[in-house]
Amino acid sequence: MARIDVEDVAHRYDADAAWAVDALTHTFRDGSASAILGPSGCGKTTWLSILSGLLRPTRGRLHIDGREVTALPPRQRKIAQVFQFPVVYDAMTVFENLAFPLRNGGVAKEELKTRVEATAELLGLTASLDRRASGLPADEQQIVSLGRGLVRSDTAAVLLDEPLTVIDPLRRWEIRQKLRRVHQQTNTTLVYVTHDQTEALTFADEVVVMDRGRVMQVGTPRELFEYPQHTFVGHFIGSPGMNFLPCRLAGHELVVEGHRVPIDRAAFGDSGEAELELGIRPEFLELTSDRAEGSVPARIRSVTALGDHHLVTVACGERPLQVRVPEGAPIPTQRGFLRFPPEWIRLYHDGRLLE
Ligand SMILES: Nc1ncnc2c1ncn2[C@@H]1O[C@H](COP(=O)(O)OP(=O)(O)OP(=O)(O)O)[C@@H](O)[C@H]1O
Ligand SMILES: [Mg+2]
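Dropping the structure here:
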């Protein structure tokens, strides 16, 4: 268990290469479960390798529990890392695989046995302890890898880099639950890297969203959903993501495609008459057949049935927007009207949320 402070960390792989990560400043709180979420190539693995000590950052500093570790090699940081693909010793049994990090750490025999058995119990590996790792299917091997990351009691943090890639999609949920349980029981600081928002949002208390090497927003799943600080986060979180429309402030209203839309003006400070973008989630946009005060006409483009709701694509001017309509609610056939509930309207200038 430990707190990790990252202070203005940047890394590039070559002197003339672009920054793979830049201006990373963040605290992973002691005992927290965090996720680093972002598209492929945004720098997640680079950041994790800097935390574990596999990479020395080009700039910046790292502290674990207040002690500077920037120049320390991995083994002096007591950080366990679980990779995308299983790392197991084929010739050893599951027991020996789990015991390996403990033996390396000089743990006494009795305690070693207790720790291995407890970890196996937690991960459902008890029945496989005597089996050779080579005989296990890939997803079981990955669970053994997880176990090796979790088995030590003196670990400062466990870093997991897309650890469920090789796991059958149906089992991922189960293993995520196991990990959460391990976290609740041990209070280990966990950092979980993924490009899958469902995984990040269901696993972590705090999600760090990255794009092109930089942190775009840190928040709880709910904060990311309700208050994306950046249009990138609005797009990236949600399925589908937030809708965006060009608009203009005019007095106490917005002008959207030439139509006036009421807003809670006080929520947006004094931002003049700038050209803005209106952001609203498909879940909060309302589609009706009848024109109402403040609604905006839209053409219906397509309707997709998705179990408990329909996803309706409409065109507002030239812009396609997505509306999530609950099962059973009426959907206009050709033309309808969009209502923008003021409490769910977010405004962006240059990609940043106006507050
Ligand atoms: N060993 C390396 N040498 C040179 N460039 C690298 C190296 N590893 C990563 N990069 C570059 O650094 C940037 C960040 O890569 P990184 O692997 O950290 O991203 P990622 O978010 O983990 O991506 P993915 O989701 O695909 O695993 C990318 O532009 C990548 O091409
Ligand atoms: Mg990666």
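Here my numbering is used: the first residue of the sequence shown is 149, the next is one more, and so on. For each residue, glycine too, the CB sits at the ideal point set by N, CA and C.
Quick check: does the Cβ of residue i come within less than 8 Å of any heavy atom belonging to ligand 1?
i    : result
T346 : no
V341 : yes
T193 : yes
V154 : no
S188 : yes
M358 : yes
Y161 : yes
V169 : yes
A166 : yes
G361 : yes
Between residue i and ligand 2, is there a pair consisting of the residue's CB and a ligand heavy atom that are separated by less than 8 Å?
i    : result
D309 : yes
V230 : no
With a 10 Å radius around its C-beta and 16 neighbouring C-beta atoms as the bar for buried, classify residue i as buried or exposed.
i    : result
G283 : exposed
F243 : buried
Y340 : buried
E425 : buried
Q333 : exposed
G406 : exposed
R204 : exposed
Q470 : buried
R396 : exposed
E322 : exposed
P523 : Only positions 149 to 503 of the chain appear in the structure, and residue 523 is not among them; the question remains open.
G189 : exposed
What is the C-beta distance between residue i and residue j, in whole angstroms, given that I count them as a contact (C-beta under 8 Å)?
i    : j    : result
M240 : A281 : 6 Å
L199 : I227 : 7 Å
Q212 : W195 : Just to set this straight, residue 212 is Ile in the shown sequence, not Gln. About 15 Å; that fails the 8 Å criterion.
F392 : G427 : 5 Å
V230 : L294 : 6 Å
H378 : M358 : No, H378 and M358 are not in contact; Cβ-Cβ is about 11 Å, not under 8 Å.
V462 : R472 : 12 Å between Cβ atoms; not a contact.
P468 : R439 : So it is not a contact: roughly 21 Å between Cβ atoms.
R319 : G253 : Contact doesn't hold; Cβ gap of about 30 Å is too wide.
A105 : A219 : Nothing about residue 105 can be read from this structure; the chain reaches only from 149 to 503.
E354 : D412 : Actually they do not touch by this definition, with Cβ atoms about 28 Å apart.
W167 : G361 : 5 Å
Looking at residue j and residue i, is the spacing between their C-beta atoms short of 9 Å?
i    : j    : result
S276 : E288 : yes
L433 : R487 : yes
E401 : H497 : no
F233 : Q325 : no
V97  : G191 : This structure leaves residue 97 out entirely; the chain is present only between 149 and 503.
T336 : V306 : yes
E431 : D456 : no
L327 : L349 : no
L435 : I479 : yes
F416 : E503 : yes
G214 : D156 : no
T452 : V444 : no
G201 : P187 : no
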